[in-house]
Amino acid sequence: MNRQQRIYLFDIQKRAYTEGTVEQINDQWIFFDEESEEAAMLEDYLQQEIEIFRKNRWRKGILFESGKIRIGNEAIMLRDHDLVRIRKHLIYSLERLLEGINDDAFFHFITTLNSLNFSIFDCIYCYNHLSFLSDEQRKDGVNFMVFDNQEQICNVQHHFCYFEKINDRFEFTLNTGKRLIIEKMIS
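If you're matching positions, the sequence shown starts at 84 in my numbering and goes up one per residue.
Here it is in structure tokens:
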């Protein structure tokens with residue numbers, strides 16, 4: 084699995100974006116979150132990935148100025164009530180964890196999480212013990228993650244041992260009592 088395949092798995096995640104509309108009020112652009120109905124200054128999202136819905140499709144760009152999106156070499160001006168979506172950020176410790184595990188473990192973790200109707204963007208807590216072992220030759224321990232998809236909670240324990248063999252075991256436990264364990268070993 085290469086970097087592009089990992090990025091593709093990120094891109095197809097549910098709930099990866101905060102969707103809403105924008106309005107210009109008193110010469111300032113305001114973003115209204117569709118789900119929470121909260122308002123935020125659009126300038127808080129400068130230099131971040133944003134998508135605008137134009138001509139019946141989403142167009143991806145970077146918000147480079149309040150009210151302006153750069154899509155390739157083109158600058159698009161926002162209009163009142165434009166539908167936009169802003170890419171959510173992963174919790175830093177989860178992002179580091181996903182970068183630190185091998186491709187097979189990454190793929191199996193993400194696809195299993197998705198099969199349980201959770202997205203990596205549903206993560207509300209992550210303890211990444213692996214990040215504290217970067218200088219160790221033998222790395223073993225447990226990482227803890229909690230996901231909330233607004234309908235269920237999923238707790239994930241990632242048991243790992245990286246020494247002579249690479250062993251990743253993920254234990255998924257839902258608030259309903261359903262449990263799933265996947266294990267990936269590489270010699």
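Cβ coordinates follow ideal geometry from the N, Cα and C atoms, glycine included.
Taking the alpha-carbon positions, what's the residue i to residue j distance?
i: residue 212; j: residue 138; result: 46 Å
i: residue 275; j: residue 109; result: This structure cannot settle anything about residue 275, because the visible part of the chain is limited to 84 through 270.
i: residue 133; j: residue 145; result: 6 Å
i: residue 196; j: residue 232; result: 11 Å
i: residue 140; j: residue 166; result: 11 Å
i: residue 125; j: residue 114; result: 5 Å
i: residue 177; j: residue 193; result: 12 Å
i: residue 219; j: residue 187; result: 22 Å
i: residue 216; j: residue 255; result: 23 Å
i: residue 259; j: residue 239; result: 14 Å
i: residue 265; j: residue 208; result: 21 Å
i: residue 170; j: residue 131; result: 8 Å
i: residue 189; j: residue 161; result: 37 Å
i: residue 105; j: residue 127; result: 13 Å
i: residue 93; j: residue 112; result: 28 Å
For residue i, does the count of other Cβ atoms within 10 angstroms reach 16, so buried, or fall short, so exposed?
i: residue 273; result: Residue coverage of the chain in this structure runs from 84 to 270, which leaves residue 273 outside it and unanswerable.
i: residue 95; result: exposed
i: residue 155; result: exposed
i: residue 158; result: exposed
i: residue 103; result: buried
i: residue 175; result: exposed
i: residue 269; result: exposed
i: residue 205; result: buried
i: residue 251; result: buried
Helix, strand or coil for residue i? Go by DSSP, reduced to three states.
i: residue 250; result: strand
i: residue 159; result: strand
i: residue 259; result: coil
i: residue 88; result: helix
i: residue 126; result: helix
i: residue 203; result: helix
i: residue 232; result: coil
i: residue 197; result: helix
i: residue 110; result: coil
i: residue 218; result: coil
Under 7 Å, Cβ to Cβ, is there at least one residue of chain C near residue i?
i: residue 111; result: The structure shown contains no chain C; it is built from a single protein chain.
Do residue i and the ligand NAD come close, with the Cβ less than 6 Å from some heavy atom?
i: residue 142; result: The ligand NAD is not part of the structure shown, which contains no ligands of any sort.
Is there contact between the stretch 171–186 and the stretch 116–124, where contact requires at least three CB pairs shorter than 8 Å? no
Is it a yes or a no for the stretch 240–257 touching the stretch 214–228, going by three-plus beta-carbon pairs under 8 Å? yes
Report the residue ranges of all beta strand (DSSP E) runs contained in full by the stretch 136–193; include only those spanning at least 3 residues, in chain order. 140–148, 151–154, 157–160, 165–170
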